[in-house]
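*Asks:*
6 protein chains.
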Amino acid sequence: MALIEYADAVPEVRAVFDDIKTTRGVADVNNFWKALAVHPPTLRRTWESLKQVMAPGALDPLTKEMLYLAASAAAGCAYCTASHTAAARAKGMTEAMHGELLAVLGIAAETNRLAEALRVPIDQGL
Amino acid sequence: MALIEYADAVPEVRAVFDDIKTTRGVADVNNFWKALAVHPPTLRRTWESLKQVMAPGALDPLTKEMLYLAASAAAGCAYCTASHTAAARAKGMTEAMHGELLAVLGIAAETNRLAEALRVPIDQGL
Amino acid sequence: MALIEYADAVPEVRAVFDDIKTTRGVADVNNFWKALAVHPPTLRRTWESLKQVMAPGALDPLTKEMLYLAASAAAGCAYCTASHTAAARAKGMTEAMHGELLAVLGIAAETNRLAEALRVPIDQGL
Amino acid sequence: MALIEYADAVPEVRAVFDDIKTTRGVADVNNFWKALAVHPPTLRRTWESLKQVMAPGALDPLTKEMLYLAASAAAGCAYCTASHTAAARAKGMTEAMHGELLAVLGIAAETNRLAEALRVPIDQGL
Amino acid sequence: MALIEYADAVPEVRAVFDDIKTTRGVADVNNFWKALAVHPPTLRRTWESLKQVMAPGALDPLTKEMLYLAASAAAGCAYCTASHTAAARAKGMTEAMHGELLAVLGIAAETNRLAEALRVPIDQGL
Amino acid sequence: MALIEYADAVPEVRAVFDDIKTTRGVADVNNFWKALAVHPPTLRRTWESLKQVMAPGALDPLTKEMLYLAASAAAGCAYCTASHTAAARAKGMTEAMHGELLAVLGIAAETNRLAEALRVPIDQGL
Numbered sequence: 016m017a018l019i020e021y022a023d024a025v026p027e028v029r030a031v032f033d034d035i036k037t038t039r040g041v042a043d044v045n046n047f048w049k050a051l052a053v054h055p056p057t058l059r060r061t062w063e064s065l066k067q068v069m070a071p072g073a074l075d076p077l078t079k080e081m082l083y084l085a086a087s088a089a090a091g092c093a094y095c096t097a098s099h100t101a102a103a104r105a106k107g108m109t110e111a112m113h114g115e116l117l118a119v120l121g122i123a124a125e126t127n128r129l130a131e132a133l134r135v136p137i138d139q140g141l
Numbered sequence: 016m017a018l019i020e021y022a023d024a025v026p027e028v029r030a031v032f033d034d035i036k037t038t039r040g041v042a043d044v045n046n047f048w049k050a051l052a053v054h055p056p057t058l059r060r061t062w063e064s065l066k067q068v069m070a071p072g073a074l075d076p077l078t079k080e081m082l083y084l085a086a087s088a089a090a091g092c093a094y095c096t097a098s099h100t101a102a103a104r105a106k107g108m109t110e111a112m113h114g115e116l117l118a119v120l121g122i123a124a125e126t127n128r129l130a131e132a133l134r135v136p137i138d139q140g141l
Numbered sequence: 016m017a018l019i020e021y022a023d024a025v026p027e028v029r030a031v032f033d034d035i036k037t038t039r040g041v042a043d044v045n046n047f048w049k050a051l052a053v054h055p056p057t058l059r060r061t062w063e064s065l066k067q068v069m070a071p072g073a074l075d076p077l078t079k080e081m082l083y084l085a086a087s088a089a090a091g092c093a094y095c096t097a098s099h100t101a102a103a104r105a106k107g108m109t110e111a112m113h114g115e116l117l118a119v120l121g122i123a124a125e126t127n128r129l130a131e132a133l134r135v136p137i138d139q140g141l
Numbered sequence: 016m017a018l019i020e021y022a023d024a025v026p027e028v029r030a031v032f033d034d035i036k037t038t039r040g041v042a043d044v045n046n047f048w049k050a051l052a053v054h055p056p057t058l059r060r061t062w063e064s065l066k067q068v069m070a071p072g073a074l075d076p077l078t079k080e081m082l083y084l085a086a087s088a089a090a091g092c093a094y095c096t097a098s099h100t101a102a103a104r105a106k107g108m109t110e111a112m113h114g115e116l117l118a119v120l121g122i123a124a125e126t127n128r129l130a131e132a133l134r135v136p137i138d139q140g141l
Numbered sequence: 016m017a018l019i020e021y022a023d024a025v026p027e028v029r030a031v032f033d034d035i036k037t038t039r040g041v042a043d044v045n046n047f048w049k050a051l052a053v054h055p056p057t058l059r060r061t062w063e064s065l066k067q068v069m070a071p072g073a074l075d076p077l078t079k080e081m082l083y084l085a086a087s088a089a090a091g092c093a094y095c096t097a098s099h100t101a102a103a104r105a106k107g108m109t110e111a112m113h114g115e116l117l118a119v120l121g122i123a124a125e126t127n128r129l130a131e132a133l134r135v136p137i138d139q140g141l
Numbered sequence: 016m017a018l019i020e021y022a023d024a025v026p027e028v029r030a031v032f033d034d035i036k037t038t039r040g041v042a043d044v045n046n047f048w049k050a051l052a053v054h055p056p057t058l059r060r061t062w063e064s065l066k067q068v069m070a071p072g073a074l075d076p077l078t079k080e081m082l083y084l085a086a087s088a089a090a091g092c093a094y095c096t097a098s099h100t101a102a103a104r105a106k107g108m109t110e111a112m113h114g115e116l117l118a119v120l121g122i123a124a125e126t127n128r129l130a131e132a133l134r135v136p137i138d139q140g141l
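Residue numbers (the working numbering), protein chains in the order written: chain D, 16 to 141; chain Y, 16 to 141; chain E, 16 to 141; chain C, 16 to 141; chain L, 16 to 141; chain V, 16 to 141.
Okay, here's the thing in structure tokens:
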């Protein structure tokens, strides 16, 4: 699958790459964005959505990033797990926090599977 | 699928139910535990694991609960999503926090799918 | 979603229903087949495949049925989990065997998630 | 992702590695355990759970291992599929048994998907 | 989970509901939007994205809708499968087309599972 | 995992390989078939099913191939995503069509996740 570098990108793609670099303070964008650049409207829309969702709000940036990591690992996406583990560390996730996040992911997977295998009826009032 | 009530439970199951009720300060256990009681060793082991994992540590209880919810929703488990949404609310998740958690789950699902559909190579150094 | 009963079925569907009833020694077919009857070629092909796969071979019928149940529960299919739990019981799965199967499903889910979240490299030689 | 070798491990991790090697009669532990060693409490808890679940019981060790493999393959975990295929072979799974297990996994995936796409109602009495 | 009706909605939500009704020519919005209205920014962003993605382009509306249905069924989302089956029918999917779509979904699930269980290496050049 | 080449294959496997090559007009079969050849009955049955399902019908070959790709990407199968992206291109999927297919996959993943996390009740009449 082709990765589109800045030098080879059309202006619409360069504008998104520039915004990602400025917003994140990084020298280059991740492979995800270079791959998504094959379809400029999806690149732009996805970046605009992600920027809006990950902005600080009722949840702090580290919590959002760890939720992103939890969802990505639960979905089994290797690329996403790798990049959001790195992003969470950059935002302050320590080894101890990562270890506990892994433990929660593991026990959630186990109880999710058991609840489905036993077809447990949802508790009244929920 | 049968749910085993306290009154009908063998002593080994009652002991676990008692510990759940004491630890959580609740009058009755959730359906999940009543269903899991069909196999007492799995009931006890699962509860012991969950109690250890969800105890306060490097991550606070609310963050752990929201990670549990994120993993459960990403895995598509309806029972788990219902019960961990309620648990997170009981631990302090506001409507605004829930809304942002949902937004993170949604964008994570979208970018996970795109990363896999494009087979994006993991960035160097990760 | 419509369920097609024998009385309302076209001859091609009736022929498959008859073969299911004869092969399994049952008075009526499960809802799955009544739903699949909306597309007779898929009904026939799916039944022929299933009949061939589930026939006794190097694995005995109960082991095959428990593997089917494990795969269905791991995939989170509620209908399939319900019907293959019943089928496994009919073929001899005891409560104790079911309990151990659930325990394996649970620990497999947990270690699967951890292996993916940690991106563990496959061991040399495998 | 770092793999922690025995020589570099803290005593708590070494104790688990020793127990794995003794229980399984192997010279070294799999990468899964070396990766999990980043969080010693999760390493120890996971190993203790797995050892308990996989011990002989109402189901024999080979059947348990094949169920583990079925669940892992259904969950799409490449590492787990590789290691449990090897483990099942070591416990006596022949080529013919593996072929039939694959066939069951395939037909289960197909019928799971069809049952969900058709939203088949669960049969009365199940 | 609460569904927010138009009469009870804040102006920001009403504006989105109005746009959905106008764009689709319907008298009321689906439950999905009423549920998503708990978080107005996610409601608006999701609707804007969906409207942009589903607009006619290189793929016609029916093909897009069937792809949406295929992805939803493959992800095991019951709500999404129900609503996109209805939407595809409204856009011209006949019974025969639906039957063939189901057949493709089934065989894709089977071969996906087998490819993963066998860990097939990607063909050279792809 | 072993790949079985034509030169090393038993007659039953060669017959299937020959039919694949003739039907598709290709010089060699994909790795998927070479891997599946470890179990000749599953190889033959899977190929016969796939050939029947993918034959022209109410849906044209390109639409079927894109549905196959959508289901494979939604299921997170890397091998299947790679091979069906190539197959769809060979049948006429342009870059613009691929970009729109990706966009549909992404928005479907997002709304699927949100619908499940919100436990949206299925709309009346569906």
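We put the CB at the ideal spot given by N, CA and C, even for glycine.
For E20/E, is the classification buried or exposed, using 16 other Cβ atoms within 10 angstroms of its Cβ as the cut-off for buried?
*Replies:* As a first step, residue 20/E must be located in the third sequence, where it is residue number 5. It counts as exposed.
*Asks:* If you measure between the beta carbons of A52/Y and A24/Y, is that distance less than 8 angstroms?
*Replies:* Taking the first residue of the second sequence as position 1, residue 52/Y is located at position 37. Taking the first residue of the second sequence as position 1, residue 24/Y is located at position 9. Cβ distance < 8 angstroms, so A52/Y and A24/Y count as in contact.
*Asks:* For N45/D, which residues of its own chain have a beta-carbon under 7 angstroms away from its beta-carbon, when the five flanking residues on both sides are left out?
*Replies:* Position 30 of the first sequence, counted from the first residue, corresponds to residue 45/D. These residues qualify, in order along the chain: S98.
*Asks:* Residues of chain D with CB under 9 angstroms from Q67/L, in chain order?
*Replies:* Taking the first residue of the fifth sequence as position 1, residue 67/L is located at position 52. Within 9 angstroms Cβ-Cβ: P56 and R60.
*Asks:* Does any CB atom of chain V fall closer than 8 angstroms to the CB of S64/E?
*Replies:* Position 49 of the third sequence holds residue 64/E. Chain V, which has a Cβ nearer than 8 angstroms to the Cβ of S64/E, makes this yes.
*Asks:* Determine the chain V residues that contact G91/C at a beta-carbon separation under 9 angstroms, and present them in chain order.
*Replies:* As a first step, residue 91/C is located in the fourth sequence; it is residue number 76 there, counting from the start. Here the neighbours are A90, G91 and C92.
*Asks:* Quick check on DSSP: helix, strand or coil for H54/L?
*Replies:* Numbered from its first residue, the fifth sequence carries residue 54/L at position 39. Reduced to three states, the DSSP call for H54/L is coil.
*Asks:* Do F47/C and V135/E have their CB atoms nearer than 8 angstroms?
*Replies:* In the fourth sequence, residue 47/C corresponds to position 32, counting from 1. In the third sequence, residue 135/E corresponds to position 120, counting from 1. Against a cut-off of 8 angstroms, the Cβ pair of V135/E and F47/C comes out as a contact.
*Asks:* L141/Y by DSSP, collapsed to three states: which one?
*Replies:* Counted from its first residue, the second sequence places residue 141/Y at position 126. DSSP places L141/Y in the coil class of the three-state scheme, outside both helix and strand.
*Asks:* Check distances from the C-beta atoms of the segment 67–88 of chain Y to those of chain L and list, in chain order, the residues that come in under 7 angstroms.
*Replies:* none
*Asks:* Could you work out which residues of chain D lie near E131/V, taking near to mean beta carbons separated by less than 7 angstroms?
*Replies:* Position 116 of the sixth sequence holds residue 131/V. Simply none; closest approach about 12 angstroms.
*Asks:* Thinking C-beta only, is A123/E closer than 8 angstroms to A101/C?
*Replies:* As a position in the fourth sequence, residue 101/C is number 86, starting the count at 1. As a position in the third sequence, residue 123/E is number 108, starting the count at 1. In this structure, A123/E does not lie closer than 8 angstroms to A101/C by Cβ.
*Asks:* Counting beta carbon pairs with one atom in the segment 102–110 of chain L and one in the segment 108–121 of chain C, are three or more of them shorter than 8 angstroms?
*Replies:* no
*Asks:* State yes or no: is the beta carbon of G121/D nearer than 8 angstroms to at least one beta carbon in chain E?
*Replies:* Counting from 1 along the first sequence, the entry for residue 121/D is found at position 106. Closer than 8 angstroms to some Cβ of chain E, the Cβ of G121/D qualifies, so yes.
*Asks:* Just to confirm, is the Cβ distance from T96/V to A132/Y under 8 angstroms?
*Replies:* One-based indexing of the sixth sequence puts residue 96/V at position 81. One-based indexing of the second sequence puts residue 132/Y at position 117. It is a contact, given that the beta carbons lie within the stated cut-off.
*Asks:* For the alpha helix (DSSP H) containing G121/D, name the first residue and the last one.
*Replies:* Along the first sequence, read from residue 1 onward, the residue named residue 121/D stands at position 106. Residues E110 to A132.
*Asks:* Could you check if V68/D is buried or exposed, using at least 16 other CB atoms within 10 Å of its CB as the buried criterion?
*Replies:* Translated into positions along the first sequence, residue 68/D becomes position 53. V68/D should be labelled buried.
*Asks:* From which residue to which residue does the alpha helix (DSSP H) around Y83/D run?
*Replies:* Start at 1 with the first residue of the first sequence, and residue 83/D comes out as number 68. Annotation for Y83/D: the continuous alpha helix (DSSP H) segment containing it runs P76 to A89.
*Asks:* Taking the Cβ atom as the reference point for each residue, do A103/E and R128/D lie within a distance shorter than 8 angstroms?
*Replies:* Here residue 103/E refers to the residue found at position 88 of the third sequence. Here residue 128/D refers to the residue found at position 113 of the first sequence. Pairing A103/E with R128/D gives a Cβ-Cβ distance that is not under 8 angstroms.
*Asks:* Work out the CA separation of C92/Y and G91/L for me, nearest whole Å.
*Replies:* The residue you call residue 91/L lines up with position 76 of the fifth sequence. The residue you call residue 92/Y lines up with position 77 of the second sequence. CA-CA distance, G91/L to C92/Y, rounds to 10 angstroms.
*Asks:* Check I35/L in the structure and name its three-state DSSP category.
*Replies:* Along the fifth sequence, one-based indexing puts residue 35/L at 20. Three-state result, I35/L: helix.
*Asks:* What's the C-alpha gap between G114/L and L74/V?
*Replies:* Counting from 1 along the fifth sequence, the entry for residue 114/L is found at position 99. Counting from 1 along the sixth sequence, the entry for residue 74/V is found at position 59. Their Cα atoms are separated by approximately 10 angstroms.
*Asks:* What number of angstroms, rounded off, separates the C-alpha of L82/C from the C-alpha of L117/C?
*Replies:* Translated into the one-based positions of the fourth sequence, residue 82/C becomes position 67. Translated into the one-based positions of the fourth sequence, residue 117/C becomes position 102. Rounded to whole angstroms, L82/C to L117/C spans 12 angstroms at the Cα level.
*Asks:* Rounded to whole angstroms, what is the Cα-Cα separation between E27/C and I35/C?
*Replies:* Within the fourth sequence, the letter at position 12 stands for residue 27/C. Within the fourth sequence, the letter at position 20 stands for residue 35/C. CA-CA distance, E27/C to I35/C, rounds to 13 angstroms.
*Asks:* How close, in whole Å, do the beta carbons of T78/L and T61/V come, if the pair is a contact with beta carbons under 8 angstroms?
*Replies:* For this step, residue 78/L is matched to residue 63 along the fifth sequence. For this step, residue 61/V is matched to residue 46 along the sixth sequence. Not quite, the Cβ-Cβ distance comes to about 26 angstroms (not below 8 angstroms), so this is no contact.
*Asks:* Can you check whether the C-beta of V53/D is within less than 8 angstroms of a C-beta belonging to chain V?
*Replies:* Within the first sequence, residue 53/D is the residue found at index 38, counting from 1. Interface residue, yes.
*Asks:* Taking 8 angstroms as the CB-CB limit, is G107/Y close to chain L?
*Replies:* Taking the first residue of the second sequence as 1, we reach residue 107/Y at position 92. No, because no Cβ of chain L sits closer than 8 angstroms to the Cβ of G107/Y.
*Asks:* For M42/C, I'd like the list of residues in its chain whose CB is within less than 6 angstroms of its CB, leaving aside the five on either flank, ordered along the chain.
*Replies:* Here residue 42/C is taken as the residue at index 27 of the fourth sequence, counted from 1. Rather than Met, the amino acid found at residue 42/C in this sequence is Ala. Cβ neighbours of A42/C beyond the five flanking positions: none.
*Asks:* G121/C and T126/V - do their beta-carbons sit closer together than 8 angstroms?
*Replies:* Residue 126/V sits at position 111 when you count from the first residue of the sixth sequence. Residue 121/C sits at position 106 when you count from the first residue of the fourth sequence. For T126/V and G121/C, no; Cβs fall outside 8 angstroms.
*Asks:* Does DSSP classify K66/C as helix, strand or coil?
*Replies:* To locate residue 66/C, count along the fourth sequence from 1; it is residue 51. In the structure shown, K66/C sits in a helix (DSSP, three-state: H, G or I).
*Asks:* Indicate the three-state DSSP secondary structure (helix, strand or coil) for N46/Y in the structure shown.
*Replies:* Reading the second sequence from its first residue, position 31 is the one you call residue 46/Y. Helix.
*Asks:* Can you tell me whether A130/C is buried or exposed, with buried defined as 16 or more other CB within 10 angstroms of its CB?
*Replies:* Position 115 of the fourth sequence, counted from the start, is the residue given in the question as residue 130/C. It counts as buried.
*Asks:* When DSSP labels each residue in this structure, what does V135/E get in the three-state scheme?
*Replies:* Counting from 1 along the third sequence, the entry for residue 135/E is found at position 120. When secondary structure is reduced to three states using DSSP, V135/E falls in the coil class, being assigned neither helix nor strand.
*Asks:* Establish whether the CB of A118/Y and some CB of chain L are separated by less than 8 angstroms.
*Replies:* Against the second sequence, residue 118/Y aligns to sequence position 103. At least one chain L Cβ lies under 8 angstroms of A118/Y.
*Asks:* Who are the near neighbours of R59/E in its chain, counting only those whose CB is closer than 6 angstroms to its CB and skipping five residues on each side?
*Replies:* Translated into positions along the third sequence, residue 59/E becomes position 44. These residues qualify, in order along the chain: V31.
*Asks:* Have a look at S64/V, Q139/V, I137/V and R29/V and flag the residue whose alpha-carbon is nearest the alpha-carbon of P55/V.
*Replies:* Along the sixth sequence, read from residue 1 onward, the residue named residue 55/V stands at position 40. Cα-wise, what sits closest to P55/V is R29/V.
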